[in-house]
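**Student:** This is the structure I want to talk about, given as C-alpha cells.
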Amino acid sequence: MAERSGDFNQGGSTRRKLVTAYREKAIHIACCLADNGPLPPRQLRALGTAANTQSILYSDFYGWFERIAPGLYSLKSRGHAELEDYPDLVARYRDELAEAQAS
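With this note's numbering applied, the sequence shown closes on residue 103, and no number is skipped along the way.
And the structure:
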C-alpha cells in the first residue's frame, strides 16, 4: 500500500483486476510509451516512472511491453488494450505527463 498513489480498488467488486503497486507502475510506464512511442528506461524514468522501470520492462509480467532494440521498449497492442481497463489511472498519468512536458 505504501508504494501506491491512491486506492483504485473498489470494495465488493468481483471479476476486476486489483491495482497493486506493481500494476500501477506498469500502467504509468505503459502510458508514457503509448503517448511517446518507443523509449529507453532512462528516458521513462526522466518522465517520472519508478526506479525499477528497467526490471518491469524486462520481466514483462503482464505481456504489455516489447523490447524492439537493445535498451529500447515499446507498448504491445495488448498493453494498449489493457489501458482501457484503468481510465482513472491513465487520465492521471497523462495529466502528469502533459504537465512535465510543458515545463
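For each residue, glycine too, the CB sits at the ideal point set by N, CA and C.
Spatial neighbours of Arg23 within its chain, please: C-beta separation below 6 Å, excluding the five flanking residues on both sides.
**Tutor:** There are no such residues.
**Student:** Cβ atoms of Tyr62 and Glu82: under 8 Å apart, would you say?
**Tutor:** Against a cut-off of 8 Å, the Cβ pair of Tyr62 and Glu82 comes out as a contact.
**Student:** Assuming Pro38 contacts Gly71 (C-beta within less than 8 Å), just tell me the rounded distance between them.
**Tutor:** Incorrect: roughly 10 Å between the Cβ atoms, too far for contact.
**Student:** Rounded to whole angstroms, what's the CA-CA distance from Cys32 to Lys17? Just pull it up for me.
**Tutor:** When rounded, the distance between both Cα atoms is 21 Å.
**Student:** Start and end of the alpha helix (DSSP H) containing Ser77?
**Tutor:** Start and end: Ser77 to Leu83.
**Student:** Considering only their Cβ atoms, is the gap separating Leu47 from Leu97 smaller than 8 Å?
**Tutor:** Yes. Within cutoff.
**Student:** Could you name the residues that DSSP lists as bridge partners for Ser103?
**Tutor:** None, per the DSSP bridge assignment.
**Student:** Kindly give me the distance between the Cβ atoms of Ile56 and Lys25, rounded to whole angstroms, as I take these residues to be in contact under 8 Å.
**Tutor:** At roughly 6 Å, the Cβ-Cβ gap stays under 8 Å, so Ile56 and Lys25 are in contact.
**Student:** When burial is assigned at 16 or more other CB atoms within 10 Å of the CB, is His28 buried or exposed?
**Tutor:** Answer is buried; the Cβ neighbour count reaches 16.
**Student:** Does chain D have any CB closer than 8 Å to the CB of Ala34?
**Tutor:** The structure shown has no chain D; it contains just one protein chain.
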